[in-house]
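> Sequence order for the protein chains is S and U. The number in this note's numbering is simply the position in the first sequence, starting from 1, with 39 added. The number in this note's numbering is simply the position in the second sequence, starting from 1, with 187 added.
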Amino acid sequence: MREITYLEAVREAMSIEMRKNEDVFLMGEDIGVYGGAFGVSRGMIEEFGPERIRNTPISEAGIAGAAVGSALTGMRPIMELQFSDFITIALDQIVNQAAKLRYMYGGKGKVPMVVRTPSGSGTGAAAQHSQSLEAWVTHIPGLKVVQPSTAYDAKGLLKAAIDDDNPVIFYEHKLLYKTNSEVPEEEYSIPLGEADVKREGTDITIVATAIMVHKALEAAAELEKEGISVEVVDPRTLVPLDTETIIESVAKTGHLVVVHEAVKRGGFGGEIASMIAESEAFDYLDAPIKRLGGVETPIPYNPELEKAAIPQVPDIVNAVKETLTKKAVAK
Amino acid sequence: MEQTKTLKLVPELSDEKLKELYKQMWLIRYFDEQVDQFFAKGMIHGTTHLAVGQEATAAGACALLSDEDKITSTHRGHGHSIAKGGRVDKMMAELFGRTTGYCKGKGGSMHIADLDKGNLGAMGIVGGGIPLAVGSALTAQMKKLDYVTVCFFGDGASNEGSFHEAVNMASIWDLPVVFFCENNQYGMSGNVSEMTNVEHIADRAAAYGIPGVVVDGNDIIEVINATYEATERARRGEGPTLIEAKTYRWKGHSKSDAKKYRTREEEKDWRDNRDPIKRFKEDLLEAEIATEDELETMKKAAKQEMDDAIEFAQNSPMPSLDELLTDVYA
Numbered sequence: 040m041r042e043i044t045y046l047e048a049v050r051e052a053m054s055i056e057m058r059k060n061e062d063v064f065l066m067g068e069d070i071g072v073y074g075g076a077f078g079v080s081r082g083m084i085e086e087f088g089p090e091r092i093r094n095t096p097i098s099e100a101g102i103a104g105a106a107v108g109s110a111l112t113g114m115r116p117i118m119e120l121q122f123s124d125f126i127t128i129a130l131d132q133i134v135n136q137a138a139k140l141r142y143m144y145g146g147k148g149k150v151p152m153v154v155r156t157p158s159g160s161g162t163g164a165a166a167q168h169s170q171s172l173e174a175w176v177t178h179i180p181g182l183k184v185v186q187p188s189t190a191y192d193a194k195g196l197l198k199a200a201i202d203d204d205n206p207v208i209f210y211e212h213k214l215l216y217k218t219n220s221e222v223p224e225e226e227y228s229i230p231l232g233e234a235d236v237k238r239e240g241t242d243i244t245i246v247a248t249a250i251m252v253h254k255a256l257e258a259a260a261e262l263e264k265e266g267i268s269v270e271v272v273d274p275r276t277l278v279p280l281d282t283e284t285i286i287e288s289v290a291k292t293g294h295l296v297v298v299h300e301a302v303k304r305g306g307f308g309g310e311i312a313s314m315i316a317e318s319e320a321f322d323y324l325d326a327p328i329k330r331l332g333g334v335e336t337p338i339p340y341n342p343e344l345e346k347a348a349i350p351q352v353p354d355i356v357n358a359v360k361e362t363l364t365k366k367a368v369a370k
Numbered sequence: 188m189e190q191t192k193t194l195k196l197v198p199e200l201s202d203e204k205l206k207e208l209y210k211q212m213w214l215i216r217y218f219d220e221q222v223d224q225f226f227a228k229g230m231i232h233g234t235t236h237l238a239v240g241q242e243a244t245a246a247g248a249c250a251l252l253s254d255e256d257k258i259t260s261t262h263r264g265h266g267h268s269i270a271k272g273g274r275v276d277k278m279m280a281e282l283f284g285r286t287t288g289y290c291k292g293k294g295g296s297m298h299i300a301d302l303d304k305g306n307l308g309a310m311g312i313v314g315g316g317i318p319l320a321v322g323s324a325l326t327a328q329m330k331k332l333d334y335v336t337v338c339f340f341g342d343g344a345s346n347e348g349s350f351h352e353a354v355n356m357a358s359i360w361d362l363p364v365v366f367f368c369e370n371n372q373y374g375m376s377g378n379v380s381e382m383t384n385v386e387h388i389a390d391r392a393a394a395y396g397i398p399g400v401v402v403d404g405n406d407i408i409e410v411i412n413a414t415y416e417a418t419e420r421a422r423r424g425e426g427p428t429l430i431e432a433k434t435y436r437w438k439g440h441s442k443s444d445a446k447k448y449r450t451r452e453e454e455k456d457w458r459d460n461r462d463p464i465k466r467f468k469e470d471l472l473e474a475e476i477a478t479e480d481e482l483e484t485m486k487k488a489a490k491q492e493m494d495d496a497i498e499f500a501q502n503s504p505m506p507s508l509d510e511l512l513t514d515v516y517a
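1. For the segment 190-206 of chain S against the segment 46-53 of chain S, are there 3 or more C-beta pairs whose distance is under 8 Å?
2. Okay, do the segment 281-289 of chain U and the segment 312-319 of chain U touch, 3+ Cβ pairs below 8 Å being the bar?
3. Let me know if Q121/S comes out buried or exposed under the rule of 16 or more other beta-carbons within 10 Å of its beta-carbon.
4. Would you mind giving the Cβ-Cβ distance between V359/S and A249/S, rounded to the nearest angstrom? I have them listed as a contact below 8 Å.
5. In whole angstroms, give me the CA-to-CA distance for D69/S and R50/S.
6. Can you find a CB in chain U that lies within less than 8 Å of the CB of P180/S?
7. Tell me the DSSP secondary structure of L307/U in three-state form.
8. Short of 9 Å Cβ to Cβ, which residues in the segment 101-116 of chain S face chain U?
9. Please report the Cβ distance between D203/S and P151/S, rounded to the nearest whole angstrom; I am assuming they are in contact, meaning their Cβ atoms lie under 8 Å.
10. Taking just the CA atoms, how far does T156/S sit from H212/S?
11. G341/U: buried (16+ other C-beta within 10 angstroms of its C-beta) or exposed?
12. So, V379/U versus V337/U, is the Cβ gap smaller than 8 Å?
13. Under 8 Å between C-beta atoms, does C290/U make it to chain S?
14. Y289/U: buried (16+ other C-beta within 10 angstroms of its C-beta) or exposed?
15. Can you give me, in chain order, the residues of the segment 141-165 of chain S that have a beta carbon less than 7 Å from any beta carbon in chain U?
16. H351/U lies in the alpha helix (DSSP H); which residues open and close that run?
17. How long is the line joining the alpha carbons of A243/U and Y216/S, rounded to whole angstroms?
18. Going by other Cβ atoms of all chains shown within 10 Å of its Cβ, with 16 needed for buried, is A227/U buried or exposed?
19. Looking only at C-alpha atoms, which of A199/S, T218/S, T244/S sits nearest to S228/S?
20. According to the neighbour-count rule (16 or more other Cβ atoms, all chains shown, within 10 Å of its Cβ), is D494/U buried or exposed?
21. Whether or not the segment 294-314 of chain U and the segment 160-178 of chain S are in contact is what I'm after, with contact meaning three or more pairs of Cβ atoms, one per stretch, closer than 8 Å; do they touch?
22. So, is the C-beta of W437/U closer than 8 Å to a C-beta in chain S?
23. To the nearest angstrom, report how far apart V170/S and I208/S are at their CA atoms.
24. Could you check the C-alpha separation between L471/U and A477/U for me, to the nearest Å?
25. Going straight from the alpha carbon of G294/U to that of A300/U, what length do you get?
26. Kindly list, in the order they appear in chain S, the residues whose Cβ is closer than 8 Å to that of V321/U.
27. Going by beta-carbon coordinates alone, are A247/S and A255/S separated by less than 8 Å?
28. Would you be able to state if there are at least three C-beta pairs under 8 Å between the segment 300-314 of chain S and the segment 331-347 of chain S?
29. Express the C-alpha separation of M314/S and W213/U in angstroms, rounding to a whole number.
30. Assuming the contact rule is C-beta atoms closer than 8 Å, V272/S and T284/S should be a hit. Round their C-beta distance to whole Å, please.
31. What does the Cβ neighbour count give for R41/S, buried or exposed, with the cut at 16 atoms within 10 Å?
32. Does the contact criterion of 3 or more C-beta pairs under 8 Å hold for the segment 229-239 of chain U versus the segment 447-457 of chain U?
33. Short of 7 Å in beta carbon distance, which residues of its chain neighbour K442/U, apart from the five on each side in sequence? Order them along the chain.
34. So L302/U contacts chain S; which residues on that side make the cut at Cβ distance below 7 Å?
35. Would a C-beta distance cut-off of 8 Å place V335/U and D254/U closer than the cut-off?
36. Do you know offhand how far E431/U's Cα is from D390/U's?
What follows is the structure, given as structure tokens:
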């Protein structure tokens, strides 16, 4: 099968949906001739024109509000939020309007919109262009939250997000844009709320999101050399969360390490750990759950510091070994 | 020889329509006065924001809108809802938290929506509905539908970033939206003269390259005319207009408001000398569009509608607890 990049997969999903459905359109800063800050929409204006590849002023709250209003009146907008950090400016529209309208109107109306936004560190863009704020939005009932880790997942999940009648926050990781994977040319959908076991294993489960899926897989490959069999589970969507797959995996391996790029304190890892602690899988745990996340600091500019701010492969390897050692002590 | 004064209406409105508007203004006033009383008696919980004294802006701005035309409303939105064809029984039921209410008792005073009538809903966030109105207008433009969206907001909201972002976007895209500022002189306790350094909110239109119009918001005829011009312009594809209607809320911001920031003399002046309903009545009589008796009949009909609405609301069932989790997701 052909391989394309994550960035191309996102573009392909949007293009397929826009060809099929006139109500779908893209709106955001510099997405037109410029092709978007990361080049995701490059070439789309030639095919779809400036009406549907709608270049906006620098107005995050305005764009988000226009997305809500157009979704409520029959369109299916995809808005590109140039950097996920800028969600701070658009949060009123996303949290107070998009997520709430249907409920506070007693089930009337729907808000089928997608907020696509590049997240994460690793580009040297420092503190205001490198954050991972996904846990914030998972706290808001009414929103769905997606974090694809591969090109294949990105294409299938974006279709599902566009088809969904609810507001969906779709986090794209900047460092994944240029990564390849096998992606069918035809249209397909990956249901929101279906985790993917990226690697099967028997000794320990790593639940990892976005770019950490790849680091976890690297760690798993290293650990395999030492005879440790690691299962890597990628939730793919945080809301809705496929608790079943995670619980099953932990029940099987008896060990859990959760790893994400976002700051550990208040991060989504806490939610996964608590979910397991409340589930039947807790009885199968042979050691305490280990969480790995970003350190409690804004993302620094210096490349060495930047790297040290988030979990790296050796950290994951150590966390796995530590967790398995605790088992030995416990028994 | 004395001549009969005529109403200086730009659009053509039948005498019947004008009399209906008179009734509607009474309905808006009765509704909010009733809500005020129910709050005082502890029969309604939460909070509420009353638009007594602002009847001419809601009724005037919506007078010529069809059910296809849209509005976005504010936290002070009961009048907008009524003016856009909302039923007072379903509105009152909503304030009583009943299942028969517009939002099944989940929205309350600040969130009444009626999508079938083009009311996209009332928003508890000051300025929050302004970009939403732009989105609604964007739909009209992209789907080539000829509806217009009238976006209500207050003087306070005109200082929010969302206002400036939204008006700018609507202007560059020539969207069919009318930004309708009800300048009732106060954003909670802040007088507009303390909070802005422009004489008129409508002056801000110049910054976005669109027309800005100031009207006496207590004169329904002026409101109808200005809104008519703006909606016609919007329908022609010439883009948005910013209308500022100067008016006054007779009541405080919400139920907790002791109104220490303004004088009783000021309140009395607006009530006694600038009552929008009284003014419209005088206009209708002078222009011989209606007689005293006819207007009294309209007023009584409004009262009756209100009484029926209260009975409906009080006799409606409470939602079951199963309703808690429905409607979160579509």
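Glycine included, every Cβ here is placed at the ideal spot set by N, Cα and C.
Checking against the coordinates, here is how it stands:
1. yes
2. No: the two stretches stay apart, fewer than three of their Cβ pairs being nearer than 8 Å.
3. buried
4. Actually they do not touch by this definition, with Cβ atoms about 19 Å apart.
5. 15 Å
6. yes
7. strand
8. G101, I102, A103, G104, A105, A106, V107, G108, S109, A110, L111, T112, G113, M114, P116
9. 6 Å
10. 8 Å
11. buried
12. Result no, Cβ atoms of V379/U and V337/U do not sit closer than 8 Å.
13. yes
14. buried
15. R141, Y142, M143, Y144, G145, G146, K147, G148, K149
16. 348-359
17. 55 Å
18. exposed
19. A199/S
20. exposed
21. With a cut-off of 8 Å, the segment 294-314 of chain U and the segment 160-178 of chain S do not count as touching, because too few Cβ pairs lie within range.
22. no
23. For the record, residue 170/S in the displayed sequence is Gln; it is not Val. Whole-angstrom Cα-Cα distance: 15 Å.
24. 6 Å
25. 9 Å
26. G101, G104, A105, G108
27. yes
28. yes
29. 55 Å
30. 6 Å
31. exposed
32. no
33. F226, T234, T235
34. K147, G148
35. no
36. 9 Å
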